[in-house]
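In what follows, a structure is listed as structure tokens, so that the remarks can point back to it.
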Amino acid sequence: MSMRQQAFLRRLALGLLLLAGLPAEAFSLFPGRKDEVATHLRRADALLARADAAYEAGETDVARRFYGEALKRYEVLQESQPDLHEGLPRFRVDYCREQLANLDQMPAGTGTEPAPAETGKRAPRRGLQQFFRRDRPSETNAAPSTWVTPEPVRAAPPAPPPGGSDPAASAANAGQVATPVRDTVADTAEAEPAREPVDPAVIAADLREARVLLEDEQLADATRLLVGVLRADPGNRSARLMIAFARARQGRHDEALVALEDLRGQNEDLPLLLALSAVYCGAGRFFDAMLVLDKAIKLAPADPRAYLNLSWLHLAMNEGETGRRDAEAYYRRAVRLGARRDRALEVKLGLE
-3 MSMRQQAFLR
7 RLALGLLLLA
17 GLPAEAFSLF
27 PGRKDEVATH
37 LRRADALLAR
47 ADAAYEAGET
57 DVARRFYGEA
67 LKRYEVLQES
77 QPDLHEGLPR
87 FRVDYCREQL
97 ANLDQMPAGT
107 GTEPAPAETG
117 KRAPRRGLQQ
127 FFRRDRPSET
137 NAAPSTWVTP
147 EPVRAAPPAP
157 PPGGSDPAAS
167 AANAGQVATP
177 VRDTVADTAE
187 AEPAREPVDP
197 AVIAADLREA
207 RVLLEDEQLA
217 DATRLLVGVL
227 RADPGNRSAR
237 LMIAFARARQ
247 GRHDEALVAL
257 EDLRGQNEDL
267 PLLLALSAVY
277 CGAGRFFDAM
287 LVLDKAIKLA
297 PADPRAYLNL
307 SWLHLAMNEG
317 ETGRRDAEAY
327 YRRAVRLGAR
337 RDRALEVKLG
347 LE
């Protein structure tokens, strides 16, 4: 891919994420069409996301299983489609193998991370979902790994025998400190303090400020603010979408896709589908972008944004006359349904 094409895709992804407005009749872009490669990759990505989530939670057995299953799928893709998305399968195969190799240095069924001095190897990399893990340390004030076991609590001295104290025994036991039993560490550890209640007003203010920072291209500051929102409210959907948006603006499409696909399910809404289409396009996965735009049109046929996205997408897929003609048709439909005119798009379509 030439530098010019890469620059165009970056601009396209940014534009798609900021589009707004459209109504229309629901229709299917690909009636009855199936793409086995896209389906295989989507399933492998879902397994990888589950493996990363298990790793972050310290569930090493679960992480091993999902990394292994994802690795098998990526190896099939690497063998059959080595050039898929500019060699993405190879990158994912290496990632899964590295995580599995490092997890093998950890005891089965535990979240305890081996000390570097014991293994001689560096600790496993954080998963791609690190920004959505509960209580993630801030980038400027890093804390020890969340898997470090709590420091054992010193056991209390034994109680005096019933029927009175024995002076000789007391003298013999003086100065002795009881050794804590390892099996009772979990029972004697102090409970973690309760999480402070979430203040909706503070969350809303932080989200507004994050939007302003994103519009001003202050991506790092916006991300730090959004991570704080997720620490207070881990399920906040708006914060997750905006973090994915920031990752896409930075060209980190893999991380953005993992974050967005983690939100997919039965309750997929229009903002999620439009964001997915933009990130898929930025990653060069045009077919996947069309699939989610098709779903967006079925979900909200009166919203013009999906048609605007389709117009940009057809220009990216086909620079010839056919692509321009299809893009113009989608753009005109979007404008008829209430979308604001896009001068940059009109210039590319030759409408000025």
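The sequence shown begins at -3 in the numbering used here and counts up one residue at a time. Where a beta carbon is used, it is the ideal one built from N, C-alpha and C, also for glycine.
- DSSP places Q74 within a helical segment (H, G or I) once states are collapsed to three.
- For the options A285, L287, Y303 and R321, the alpha carbon positioned closest to that of L347 is the one of R321.
- Annotation for N305: the continuous alpha helix (DSSP H) segment containing it runs R301 to M313.
- Assignment of V194 by DSSP, reduced to helix, strand and coil, places it in the coil class.
- Taking C-beta separations shorter than 8 angstroms and ignoring five residues to either side along the sequence, the partners of V72 in its chain run H36, following chain order.
- The beta carbon of E205 is closer than 7 angstroms to those of L221 in its chain, skipping five residues each way along the sequence.
- CA-to-CA, the gap between R339 and L270 works out to about 20 angstroms.
- Along the length of the segment 212 to 236, whole alpha helix (DSSP H) runs at least 4 residues long occupy 215 to 228, reported in chain order.
- Within its own chain, the residues whose Cβ lies closer than 6 angstroms to the Cβ of A242, once the five positions on either side in sequence are excluded, are L215, A218 and T219, listed in chain order.
- Here L287 is not near W308, since their CB atoms are 8 angstroms or more apart.
- With a threshold of 16 other beta carbon atoms within 10 Å, A330 meets it and is buried.
- Comparing alpha-carbon positions, the option among D202, L266, E32 and F283 lying closest to G224 turns out to be D202.
- R233 is classed as exposed because its beta carbon has fewer than 16 other beta carbons within 10 Å across all chains shown.
- Listed in chain order, the non-local C-beta contacts of M313 below 8 angstroms within the same chain comprise F282 and G319, local neighbours out to five positions each way being set aside.
- The DSSP-derived three-state label of D202 is helix.
- Within the same chain, D217 and A218 come within 6 angstroms of L209 by CB-CB distance, once the 5 residues on both sides are set aside.
- One thing to note: L289 has its Cβ no nearer than 8 angstroms to the Cβ of A323.
- L272: member of the alpha helix (DSSP H) spanning L266 to G278, first to last residue.
- For the pair A42 and E257, the CB atoms are nearer than the 8 angstroms cut-off.
- Annotation: the continuous alpha helix (DSSP H) that includes P85 extends over L84 to L99.
- Between the alpha carbons of A50 and L84 lies a distance of about 22 angstroms.
- Between E94 and A40, the alpha-carbon positions lie close to 16 angstroms from each other.
- If you draw a straight line from the Cα of R236 to the Cα of P267, it is about 12 angstroms long.
- Shortest Cα-Cα distance from A292 to any of N263, A45 and H310 involves N263.
- Judged by beta-carbon spacing, R88 lies beyond the 8 angstroms limit of Y63, meaning their Cβ atoms are not closer than that value.
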